[in-house]
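Residue numbers (my numbering), protein chains in the order written: chain A, 1 to 219; chain B, 1001 to 1219. Have a look at the structure below, then the notes.
Number of protein chains: 2
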Amino acid sequence: MSIESLSALDRSTLRERSLEALRSAILSGRYRPGDHLGEVELAGSLGVSRGTVREALRHLQQEGLVTAGTRGMLRVNSLTAIEVRELFRVRAALEGLAVREIVASPRRAATAATLRAALERLSDEDEPAARIEADLGFHLLLCRLSGNSMLVEAWQRLEGRMRVAILDGSAAQAPMMARDRHAPIVDAIERGDADAAVRVVDEHMTAAAEHFAEATAAS
Amino acid sequence: MSIESLSALDRSTLRERSLEALRSAILSGRYRPGDHLGEVELAGSLGVSRGTVREALRHLQQEGLVTAGTRGMLRVNSLTAIEVRELFRVRAALEGLAVREIVASPRRAATAATLRAALERLSDEDEPAARIEADLGFHLLLCRLSGNSMLVEAWQRLEGRMRVAILDGSAAQAPMMARDRHAPIVDAIERGDADAAVRVVDEHMTAAAEHFAEATAAS
DNA sequence: ACGAGGGGCACTGTCGACAGTCGCCACGTC
DNA sequence: GACGTGGCGACTGTCGACAGTGCCCCTCGT
């Protein structure tokens, strides 16, 4: 009985609600990396059948929050320091493409303005969880504004793993998500300097990678 | 009764076999893009229960071979010409990262040799399906040899969508997969010229994108 | 004391059935 | 003839139960 039962107020499917509940249970740290996620236990906690929670778990597996162990048993995923570095390099490639497409677009000025507005939200948040949301929200917005739907999808499929990495190294990650860490990206986009923008994104990602990789290694 | 029943010879799970059967049924064109994939019909065809085929379908959905329509109904996916172009740009970014990492690696020479060997297989194949496999195999190898596991995963999550795109424009795609289209990539890697390698990959992807996008638009 | 064997336990894999919902078609009404 | 309406069929959502399979611990024999 680790997670609260599902409320029956909204009209979404039980699977969706179970998925959400499980995701937030993992992301909030209620389940630690490596913890076994038994279908029967979760079904009991959530008040749904095993089949339903099973589907939610499979979805989380695709997201990378959950990984398969022996005999199909699922457990909360955790990343090695090496994987964290790899992950951020892939992110850099993806977001590098995003800024390139944004700069090349005729709507560049409007896009830059949107991004600058989003930048503001990064300083407003104090609570760690809110900071994480603001940071990921900014980067997702960056991908969305590229107008490349496949890019957005690819990025989102990385998001789960990113959250795992952040979860592991949640201590003192605040500086990485500060406003002035992201401002140079917008600056370069505004100037229309694609190469500089890519370089800045790359540096941002490299720094973040080291930050979280060290935190992972330390834990 | 469109697909043959599952053989009970091997020891893999029914879900895995169903998944494989459905995937190959879609990829072989037995189901056309837009076709509705009913759980009951498929369960009957495959000789498994609805729950089992359901899980296989959900997996295919994540792979991008299948997409959700109204009221959760699933149908065979198809890509617009725009999405095909987007897809190949993402691929270019990913494989660009791959060649960069390969060039930067101390094992560059050995990697280049491996790739050159793989290059040979591209000319051997005559049948379209085999050519597709050889081509995708080469690019997957490229990602694998980068040593970046997250990159490989990201690329593989794009693979299903790629196959859909290829499926749509299967006519006369042969030249795109020829050996000399890929050789320049290996050449640049061998020379250790990362920028040139990235540029070559980019051009290769752009050309392929146009090729398949046009074929998609025509169909 | 220590190793082999066996039985229970805790899982997941798979299945068949019931329930709710949406679209469609025929029918009756104005 | 057009339109509302009621039943019907086809789907997916969800559930509870049975089956198979390792793992662990307990027991028994030496």
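Ideal placement from N, C-alpha and C gives every residue a C-beta, glycine not left out. On a predicted model such as this, the values are computed, not experimentally measured, just so you know.
Environment of residue i [buried if 16+ CB atoms lie within 10 Å]
i: residue 1002 of chain B; result: Bear in mind that the predicted position of residue 1002 of chain B carries a pLDDT of just 49, short of 50, making it too unreliable to give a figure here.
i: residue 18 of chain A; result: buried
i: residue 1073 of chain B; result: exposed
i: residue 1086 of chain B; result: buried
i: residue 8 of chain A; result: The pLDDT assigned to residue 8 of chain A is 45, lower than 50, so where the model puts this residue is not dependable; a value taken from the coordinates is nonetheless given after this. By the neighbour-count rule (16 or more Cβ atoms within 10 Å), residue 8 of chain A is not buried but exposed.
i: residue 1036 of chain B; result: exposed
i: residue 25 of chain A; result: buried
i: residue 58 of chain A; result: buried
i: residue 109 of chain A; result: exposed
i: residue 216 of chain A; result: buried
i: residue 1045 of chain B; result: buried
i: residue 68 of chain A; result: exposed
i: residue 1117 of chain B; result: exposed
i: residue 20 of chain A; result: exposed
i: residue 5 of chain A; result: Summary for residue 5 of chain A: the model assigns pLDDT 49, below 50, so the residue's position carries little reliability; its value from the coordinates is reported in the next sentence. The residue in question, residue 5 of chain A, is exposed, as its Cβ has fewer than 16 Cβ neighbours within 10 Å.
Range covered by the beta strand (DSSP E) that runs through residue i
i: residue 1076 of chain B; result: 1074-1076
i: residue 70 of chain A; result: Per DSSP, residue 70 of chain A belongs to no beta strand (DSSP E) and is neither H nor E.
Top-ranked residue by Cα proximity to residue i, from the options
i: residue 141 of chain A; options: A:156, A:22, A:127; result: A:156
i: residue 148 of chain A; options: A:193, A:65, A:104, A:82; result: A:104
i: residue 1130 of chain B; options: B:1027, B:1016, B:1012; result: B:1027
i: residue 128 of chain A; options: A:99, A:167, A:97; result: A:167
i: residue 1178 of chain B; options: B:1107, B:1102, B:1134, B:1032; result: B:1134
i: residue 1139 of chain B; options: B:1201, B:1082, B:1063; result: B:1201
i: residue 80 of chain A; options: A:119, A:191, A:193, A:161; result: A:161
i: residue 209 of chain A; options: A:136, A:50, A:143, A:88; result: A:88
i: residue 1115 of chain B; options: B:1042, B:1150, B:1062, B:1184; result: B:1184
i: residue 211 of chain A; options: A:84, A:150, A:191, A:13; result: A:84
i: residue 1106 of chain B; options: B:1192, B:1214, B:1041; result: B:1192
i: residue 1154 of chain B; options: A:70, A:78, A:62, A:69; result: A:62
i: residue 206 of chain A; options: A:71, A:126, A:12, A:82; result: A:82
i: residue 213 of chain A; options: A:70, A:180, A:78; result: A:78
Assumed close pair residue i, residue j - CB separation to whole angstroms, cut-off 8 Å
i: residue 1090 of chain B; j: residue 1145 of chain B; result: Rounded, the Cβ-Cβ distance is 19 Å, inconsistent with contact.
i: residue 112 of chain A; j: residue 186 of chain A; result: 6 Å
i: residue 152 of chain A; j: residue 65 of chain A; result: Not really, about 19 Å apart at Cβ, beyond 8 Å.
i: residue 1039 of chain B; j: residue 1053 of chain B; result: 6 Å
i: residue 1122 of chain B; j: residue 1182 of chain B; result: 6 Å
i: residue 1056 of chain B; j: residue 1015 of chain B; result: 6 Å
i: residue 76 of chain A; j: residue 34 of chain A; result: 6 Å
i: residue 189 of chain A; j: residue 102 of chain A; result: 6 Å
i: residue 22 of chain A; j: residue 60 of chain A; result: 6 Å
i: residue 1143 of chain B; j: residue 1203 of chain B; result: Actually they do not touch by this definition, with Cβ atoms about 18 Å apart.
i: residue 1093 of chain B; j: residue 93 of chain A; result: 5 Å
i: residue 1043 of chain B; j: residue 1032 of chain B; result: About 20 Å; that fails the 8 Å criterion.
Span of the alpha helix (DSSP H), counted from its first residue to its last, around residue i
i: residue 1090 of chain B; result: 1081-1104
i: residue 1135 of chain B; result: 1128-1145
Cβ-heavy atom distance, residue i to the ligand ATP, below 7 Å
i: residue 1151 of chain B; result: As for the ligand ATP, it is missing from this structure, which has no ligand bound.
Which runs of the alpha helix (DSSP H) at least 4 residues long sit entirely within the region 1150-1198 of chain B? Give them in chain order.
1179-1191
Which runs of the alpha helix (DSSP H) at least 4 residues long sit entirely within the region 2-59 of chain A? Give them in chain order.
14-27, 39-46
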